[in-house]
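The sequence shown begins at 868 in the numbering used here and counts up one residue at a time.
Everything on this sheet refers to the single structure shown next.
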Amino acid sequence: MNKFIGQRIVITVRRNEGLWAAEEAGVYFGASADKDIAKASASKRARERIGQGHACQVRISGEHGFAI
């Protein structure tokens, strides 16, 4: 069995400039007013990264927070 040696890619879905967006290594993509659309974009990117042989995790941040 092959062991993964390296770092896992973390994609975080969070609020950014009033919209939900996915973020990977400081780069935002998939911005939308609908959180589910941003989550779908993050999942698609994660599948691409896994297909390239990387370990990947999708996190959701700020689901229960309050906007100020």
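Every residue gets a Cβ at the ideal spot worked out from N, C-alpha and C, and that includes glycine.
Keep in mind that this is a model prediction, so the values were computed, not measured.
- DSSP places A888 in the strand class (E or B) of the three-state scheme.
- Within its own chain, the residues whose Cβ lies closer than 6 Å to the Cβ of K906, once the five positions on either side in sequence are excluded, are V880, listed in chain order.
- Rounded to the nearest angstrom, the Cβ distance from V894 to S910 is 17 Å, too far for a contact under 8 Å.
- The straight-line gap separating the alpha-carbon atoms of R882 and A888 is approximately 6 Å.
- In this structure, the alpha-carbon of E884 lies about 23 Å from that of I876.
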